[in-house]
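Note that this note's numbering has the sequence shown beginning at 666, numbered continuously upward.
Shown next, in structure tokens, is the structure this report addresses.
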Amino acid sequence: MTGADQGVRTTTAGWRTRATAAGGFRVPAHWIDDDRTGALAVVRPETSVNPNGAFRENAVLSVVESAGDVVADSSNAIAEVRAMVPWSHVVSVTPWPQGPFDRRMQFLYEYDGVAVAVTKFTGTLGGSRIDLTCSAGLDVYPTLVSTFDSIAALSDLEVHA
666 MTGADQGVRT TTAGWRTRAT AAGGFRVPAH WIDDDRTGAL AVVRPETSVN
716 PNGAFRENAV LSVVESAGDV VADSSNAIAE VRAMVPWSHV VSVTPWPQGP
766 FDRRMQFLYE YDGVAVAVTK FTGTLGGSRI DLTCSAGLDV YPTLVSTFDS
816 IAALSDLEVH A
């Protein structure tokens, strides 16, 4: 499931920038804005990777108060995942040297009876923790993991305290 740095894009051809309060959120050009609230930005493919799938793939950009440094912020992000019900499982937490993020976590959880795979990128910038949470049904996750990694690597985000 980890696949770190496999197929990460380094150019922005075929990508668009979604302006946010935290800077430029780079996403594939065919991904559209979602109207959900509670985050800086939510995007999803215009057409689902699996039209018959029970979970709609998406990427959510959010900012919360930092616990002080990347180690504390990573620990908090892991604790948040472990508290998910009915179940969740953290698969990996690794350093992420590309873009504005410091850590890359992969985990699984259940949503409405569907196994969902997630890549969550966390960075500590100023007094804030910035999270990019990219989710897909477990059935299509392998086809999207490099896209999720590319979103994290190409986004030009900056948060000020």
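Virtual Cβ for every residue (Gly too), placed ideally from N, Cα, C.
DSSP puts Asn723 in a beta bridge; with which residues? Ser800
Express the C-alpha separation of Arg768 and Thr759 in angstroms, rounding to a whole number. Thr759 and Arg768 have their C-alpha atoms some 6 Å from each other.
By alpha-carbon positions, which one of Leu819, Trp680, Ala687 ends up nearest to Trp761? Leu819
Within 10 angstroms of its Cβ, does Tyr776 collect 16 or more other Cβ (buried), or is it exposed? exposed
Below 9 Å between beta carbons: does that hold for Glu722 and Gly778? no
Considering only C-alpha positions, which residue in the set Phe690, Trp680, Tyr774 is nearest to Tyr806? Looking at the Cα atoms, Tyr774 is the closest of the given residues.
Given His695, which residues of its chain have a CB within under 7 Å of its CB, disregarding the five upstream and five downstream residues? Pro710, Glu711
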